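In my numbering, the protein residues as written are 155 to 432. A virtual CB, placed ideally from N, CA and C, is assigned to each residue, including glycine. Bear in mind the structure is a predicted one, so any value in this text is a computation, not a measurement.
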């Protein structure tokens with residue numbers, strides 16, 4: 155195994171790893187990174203230079219890669235990698251630069267949402283474009299016991315169509331059939347060690363099962379506001395070559411804007427399939 159240096163990124167959440175090269179087919183080193191990921195909510199590996207094939211090989215150490223529902227911005231020849239960028243080639247956008255601007259957890263509209271998300275930074279703006287991560291386990295622990303008891307058994311109605319409606323995208327009947335609405339718990343238990351997370355999101359939610367709207371939506375928003383308040387949010391300031399992996403089972407995330415007329419951002423995203431939330 156390669157010699158790695160591991161240090162905390164933030165108090166009680168996330169670790170930073172230096173001194174390794176993920177492009178090398180060293181499964182022992184890569185599996186150690188996976189182990190740290192399951193315990194710490196997020197991992198950043200510095201100073202990497204991965205081509206799409208190498209990124210997918212590393213992604214597969216976490217599990218089965220997830221596909222993308224939107225294919226127009228996937229990497230040519232590798233549809234499992236989604237390109238997040240404002241870069242143009244031949245006058246044409248090569249990526250989706252608006253991806254991930256609102257607080258959310260990836261693919262919560264699926265029966266089995268993505269377990270983890272991996273971003274590899276190839277070009278980084280000098281300012282802006284941070285990734286904010288909210289620690290949903292810390293957010294749950296900070297709730298009063300009375301509130302915890304109130305929400306422990308509640309379930310949220312998630313909908314891909316609701317997300318597309320918000321974006322002004324019309325789904326075909328085929329897309330609606332392939333991505334039906336789902337129901338997930340508001341409080342999710344992490345399989346690694348049993349820790350509980352306040353598993354809320356925005357964009358995909360239609361309400362709380364058994365609760366009339368607007369009360370249900372207001373409760374979700376109240377929990378999102380709590381989870382994304384200052385004590386629980388950590389900002390990742392990107393460096394070129396960073397590989398950031400976060401755990402969608404216990405985090406919310408969002409990107410921050412940058413001056414697209416002045417800077418270029420180029421990031422390759424891959425996902426890993428998860429389990430049904432419990």
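The C-beta distance from residue 390 to residue 398 rounds to 6 Å, short enough to meet the 8 Å contact threshold. If you ignore the 5 residues before and after residue 411, its C-beta comes within less than 8 Å of the C-beta of 255, 282 and 283, all in its own chain and listed in chain order. At a Cβ-Cβ threshold of 8 Å, residue 294 and residue 351 count as neighbours. Here residue 336 carries a strand assignment [DSSP, helix/strand/coil].
DSSP lists 399 and 424 as the beta-bridge partner residues of residue 272. The alpha carbon of residue 425 has as its nearest neighbour, out of 270, 347, 406 and 348, the alpha carbon of 270. Residue environment for residue 323: exposed (fewer than 16 other C-beta atoms within 10 angstroms of its C-beta). For residue 342, the enclosing beta strand (DSSP E) has its first and last residue at 341-343.
With 16 or more neighbouring CB atoms inside 10 Å of its own CB, residue 431 falls in the buried class.
Two segments are said to touch when three or more pairs of C-beta atoms, one from each, lie closer than 8 Å; by this definition the region 398-408 touches the region 259-279.
Residue 255 carries a coil assignment under DSSP once its states are collapsed to helix, strand and coil.
Looking at the DSSP output, residue 297 bridges to nothing.
For the set 198, 196, 208 and 165, the Cα lying nearest the Cα of residue 176 is the one of 208. Here residue 307 is exposed. Its C-beta has fewer than 16 other C-beta atoms within 10 Å. Runs of the alpha helix (DSSP H) lying entirely within the region 160-224, each at least 4 residues long, are 181-194 and 206-213 in chain order.
In the DSSP secondary-structure assignment, residue 231 is not bridged to any residue. Here residue 379 carries a helix assignment [DSSP, helix/strand/coil].
Collapsing the DSSP output to three states places residue 430 in coil.
For residue 351, the uninterrupted beta strand (DSSP E) segment begins and ends at 350-352.
Scanning its chain for C-beta atoms nearer than 6 Å, with the 5 sequence neighbours on each side dropped, one finds around residue 354 the residues 374, 377 and 378, in chain order. A direct Cα-to-Cα measurement between residue 421 and residue 238 gives close to 5 Å.
Collapsing the DSSP output to three states places residue 248 in coil. For the pair residue 360 and residue 222, the Cα-to-Cα distance works out to about 22 Å.
Note that the region 261-268 touches the region 321-336; at least 3 beta-carbon pairs, one per stretch, sit closer than 8 Å. In this structure, residue 405 places its C-beta atom within 8 Å of the C-beta atom of residue 195.
Partner residues in the beta bridge of residue 408, as assigned by DSSP, are 286. With 16 or more other CB atoms across the displayed protein chains lying within 10 angstroms of its CB, residue 202 is buried. In this structure, the CA atom of residue 407 is about 30 Å from the CA atom of residue 179.
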